[in-house]
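>
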Ligand SMILES: [Zn+2]
């Protein structure tokens with residue numbers, strides 16, 4: 123299944139096509155993007171943002187529990 127071409131961040135043309143489920147390739151330039159890695163990083167960012175708050179509350183509750 124091929125999706126519509128997306129805008130290539132390198133040449134700014136809508137020639138970025140999906141080669142594999144997580145690999146995008148620009149037909150205009152040699153830009154390649156492996157989303158299996160970059161998405162991982164994005165999710166980690168989101169998780170650390172939410173997890174950071176959760177960890178913060180955990181620390182606060184733990185500190186209060188010991189007081
Ligand atoms: Zn390109």
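In our numbering, the protein residues as written are 123 to 189.
Glycine is no exception: its CB is placed at the ideal position from the N, C-alpha and C atoms.
1) Go ahead and pull the three-state DSSP assignment for residue 180.
2) Pick from 142, 176 and 150: whose alpha carbon is nearest that of residue 132?
3) Between the beta-carbon of residue 127 and the beta-carbon of residue 138, is there less than 8 Å?
4) Regarding residue 157 and ligand 1, is the C-beta to nearest heavy atom distance less than 7 Å?
Working from what's here:
1) helix
2) The shortest Cα separation from residue 132 among 142, 176 and 150 belongs to 150.
3) Yes, they are a contact pair.
4) Every heavy atom of ligand 1 is 7 Å or more from the Cβ of residue 157, so no.
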